[in-house]
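Our numbering applies: residue 75 is where the sequence shown begins, and numbers increase by one. Glycine residues also receive a C-beta, built at the ideal position from the N, C-alpha and C atoms. Single-structure report; data block below.
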Amino acid sequence: MTRPIVPSRIRKVFDGRVFSVTVESITLPHGDHLEAEIIRHPGSVVLVPVTDRGEIVLVRQYRPAIGRWAWELPAGSLKRGEAPDFSGQQSLGACPKCGSRVFEHGVAYVCEKSAGAVPGCDFRSGKIILQQPIERAQMEKLLATGRTDLLTRFISRKGRPFKAYLVKTPGGKVGFEFMARTPKPGTAERRSAPAVRRPSAGVTPAPKPKQRAKPPAKRTRRALGNF
Ligand SMILES: [Zn+2]
């Protein structure tokens, strides 16, 4: 379902200095054909320079597309094949796949080896996943400990809100981990069964005096698609 669709035909209609345009013939899973017009751009960076006095520095440039001079934040495009420069950035932690450093890059957190002319790693995790913003501190926590805090503002593709942890999966990707649902009243007798269960069984034994701490609720994991 999340597998990419390979175009049956790619026609390059423009190949300029800054970007190229292709028309790609695509057949969607339900059979519709689409001629997708795609602009490919090597990526840009925008800076927000702030002076010691708290002023933001803008530049004034002529923009042919609007036929006017415009005040803008300083920005620049990457040259094709050029790796982004992470030198001014602090790494968030080690890449779960290859151990290299992870940085913010555009709308994602990426392995430094994923962004060069010859990518050596494909670790990438979006800064917004299913409408839940993933703060830098949460990504740092995920890389360091394997799990974020419980994030409460995910919205599923069907529009349902849900809570989940983001976790590192064994394959070095980012996945969801869900809290088990609270058992319904009809299943209460199972919870009071005297059998000792491992915490991973997800069943809280009946409370007894001096019993050890309540085991953590069962968690389930699911790998994320591509974000
Ligand atoms: Zn990596």
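Inter-residue spacing [alpha-carbon to alpha-carbon] between residue i and residue j
| i | j | result |
| --- | --- | --- |
| V95 | V181 | 22 Å |
| A168 | F228 | 25 Å |
| A267 | L224 | Because the pLDDT at A267 is just 38, under 50, the model does not fix this residue reliably, and the point stays unresolved. |
| V122 | K86 | 35 Å |
| S118 | G150 | 5 Å |
| D89 | D159 | 25 Å |
| Q212 | L147 | 28 Å |
| F197 | V184 | 6 Å |
| S174 | I100 | 36 Å |
| M253 | F93 | 45 Å |
| S230 | L204 | 6 Å |
| I79 | G105 | 12 Å |
| I208 | K171 | 19 Å |
Contact test: residue i Cβ vs ligand 1 heavy atom, cutoff 6 Å
| i | result |
| --- | --- |
| K237 | no |
| F160 | no |
| F177 | no |
| F197 | yes |
| K171 | yes |
| S174 | yes |
| K247 | no |
| K187 | yes |
Beta-carbon spacing of residue i, residue j below 7 Å
| i | j | result |
| --- | --- | --- |
| S199 | V248 | yes |
Next on the checklist: Does the segment 102-120 come into contact with the segment 129-144, if we say contact requires no fewer than three beta-carbon pairs (one atom in each stretch) closer than 8 Å?
Outcome noted: Touching, no, given that fewer than three Cβ pairs across the two stretches are closer than 8 Å.
Next on the checklist: What ranges does the beta strand (DSSP E) occupy inside the segment 128-209, keeping only unbroken runs of at least 3 residues that lie completely in it?
Outcome noted: 133-137, 142-146, 149-151, 175-179, 182-185 and 198-200, all fully within the segment 128-209.
Item to check | Entirely enclosed beta strand (DSSP E) segments - the segment 208-249, minimum 3 residues | outcome: Within the segment 208-249, the complete beta strand (DSSP E) runs of at least 3 residues fall at 225-229 and 235-242.
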